Each structure stands twice: as C-alpha cells, then as structure tokens.
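The structure under discussion appears below in the form of structure tokens.
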Amino acid sequence: MILDHTHKVKKFYERFGEDFLKLEYLPEEVLDYLKAEEEYLLSKIREGSKVVDFGCGRGRILKLLLNRAELLVGVDHSRKMLNYCEELFKKHKHVRCHLSDVRSTPLRDDIFDYTLCMYATFGSFHEPEKVLKEMIRVTKPGGKIILSVYSEDALDTVLKMYESKGIRVERIEGNVIYTKEGDVARLFSKEEIRKLLARHNLNPRVRRLCPIAYICEAEVLK
Ligand SMILES: C[S@@+](CC[C@H](N)C(=O)[O-])C[C@H]1O[C@@H](n2cnc3c(N)ncnc32)[C@H](O)[C@@H]1O
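In the working numbering, the protein residues as written are 36 to 257.
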C-alpha cells in the first residue's frame, strides 16, 4: 500500500512554504515557467470571471487576477499560507480564502468559470483523480479547468531547485521525486497527463508551456 503523503506535503508547506514559494534563488527555468504560466492565464481569463485556485499558496495567482476576476477563491490546507493570503487580501472583498484539503472542499457545485491548479501543484497530490473530480464539481458547465504540471524534462531543474532551497531528495520512484522534508513532485509526459484528464470525461488541450512544463486546458461538460 502506498501511504498517503498529503500530511507530509502539508507539513512541508507549514515549515518551508514561505521561503519555498518566494521567487528569490529559483533557477532561471522555474522563473520562466512561472512567467509563462502568468502570461497564459492573463491571455485566457475573461473580465468578470469567477475563479478558484486549488493550492493557492502565497496567493501569486490570486494577486495576478485581482483586477480581472469578479470572485477569486483560494484553497490551501496550510494554515501558514492561508494566514498570509488573508492578510494580503483583507481589503479585497471579492477574494476569499478557505483552509481545506483540495480533495474535498467546502465549495458549492457549479460556481466557477475557471478552476486552476498552477505551478505543478497537481503533481504533489496523493490522489490527483480525487482532486480532479473536485475541480470538475465546483466548475460551471462550460467552465474551464486549467492546470500546469512539470514535464518529463524537468528532473534536473527540480533537483536544482530543491538543492538551492536546501531540500534533500529522499528517493525517486519512476517519475515521482520524494523529498526528506516532505514535498513531492511528479513529472508527467504529455500523454500521461492527457490520459489522466480524459479518464474524467475531459478533452484537454495539452501544450508545452516551456521546456519544463505543460499546460492543460479543458472545458467541463456536465
Ligand atoms: C507549489 S505551491 C503552489 C502555490 C500557488 N498555486 C502558486 O502557483 O504560486 C503548492 C501549494 O499547494 C498546497 N497544497 C498541496 N497539497 C494540498 C492539498 N491536498 N490540499 C490543499 N492544499 C494543498 C500547499 O500547501 C502549497 O501552498
């Protein structure tokens, strides 16, 4: 049986999250990835949309879309991250933050025009399919799911990133990197991520965003 690593990832973000998610000391390739992701979202998300970010961290994406969306919801299971976001967005009434595991959130069905999961967060989930079901549940019919994952070519960069942050690799099993500190990073081939989404009745467009990442976009049909 593979143990649920969710609590380890949570502990990791409680302990390192603040520093880990700061953009200083990140390898150039990761900075390029995040920049490309932001440009992609700004080109896609329409004015006045309702948007939720699964695993919102320090609110990088919520900040990006602050003047674009009518409703912005961040969900994260790390109290530290949530505190940070609550403070950051306290003057913005259209931003809400929920402390919750993304496998089962307190959000109602069919609310969002866009349900996001960025910066390879999807690859750290123990039960990605459960998260995907939850993403679909909260998205409006005709709404979109957008998520980005590390590509199969990201291994060296991810290892370099961990090293630069003092995070130690425990083991690498297939395409999954487990760290001693608790974070987990899964790399996907284009076909793998496409098939995973297709199992949930999604017909995703999967594109290479940059050398180390893919971005997937799928319309939710209900
Ligand atoms: C790599 S960070 C990404 C932050 C943000 N999405 C961004 O793009 O800057 C991953 C975040 O996902 C959160 N996370 C990981 N697994 C989670 C889970 N099962 N439920 C809720 N949040 C989770 C972590 O606490 C962390 O803040």
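Note that the Cβ used here is the ideal one computed from N, Cα and C, for glycine as well. Only a predicted model underlies this, so the values are computations on that prediction, with no experimental measurement involved.
Under 7 Å Cβ to Cβ from T214, same chain only, skipping five residues before and after it: list those, please. Residues of the same chain with a CB within less than 7 Å of the CB of T214, apart from the 5 flanking positions on each side, are Y197, I202, R203, V204 and E205 in chain order.
For G92, count neighbouring Cβ atoms within 10 angstroms of its own Cβ and tell me buried if that reaches 16, exposed if not. With 16 or more Cβ atoms within 10 Å of its Cβ, G92 is classed as buried.
Rounded to a whole number of angstroms, what is the C-alpha to C-alpha distance between K128 and L142? Answer to the nearest angstrom: the Cα atoms are 17 Å apart.
Quick check on the DSSP output: what are the complete alpha helix (DSSP H) runs of length 4 or more inside the region 190–216, in order along the chain? As for any alpha helix (DSSP H) of minimum length 4 sitting wholly inside the region 190–216, the runs are 190–199, ordered along the chain.
What did DSSP end up calling A173 once you bin it into helix, strand or coil? First, the amino acid is wrong: residue 173 is Val here, not Ala. Shown here, V173 sits in a helix according to DSSP, grouped into three states.
Is the beta carbon of G178 closer than 9 Å to that of V219? Not a contact, by the Cβ cut-off of 9 Å.
Beta-carbon separation (whole angstroms), E187 vs N210, contact threshold 8 Å: Between N210 and E187 the Cβ distance is about 7 Å, and since that is below 8 Å, they are a contact.
Which residue wins for smallest C-alpha separation from Y48, given the options E59, A189 and G217? Ranking the options by Cα distance to Y48, first place goes to G217.
Between the beta-carbon of I247 and the beta-carbon of V193, is there less than 9 Å? Taking 9 Å as the Cβ cut-off, I247 and V193 qualify as a contacting pair.
Under a three-way DSSP split, which group does D54 fall into? Reduced to three states, the DSSP call for D54 is helix.
Can you name the start and end residues of the beta strand (DSSP E) that S84 belongs to? Note, S84: beta strand (DSSP E), S84 to F89.
Can you tell me the Cα-Cα spacing of F89 and R221, whole angstroms? Going by the C-alpha atoms only, they are around 17 Å apart.
Cβ-heavy atom distance, Y60 to ligand 1, below 8 Å: No, the beta carbon of Y60 sits no closer than 8 Å to any heavy atom of ligand 1.
Is any heavy atom in ligand 1 found nearer than 8 Å to the beta carbon of S135? Because some heavy atom of ligand 1 lies under 8 Å away, the Cβ of S135 counts as near it: yes.
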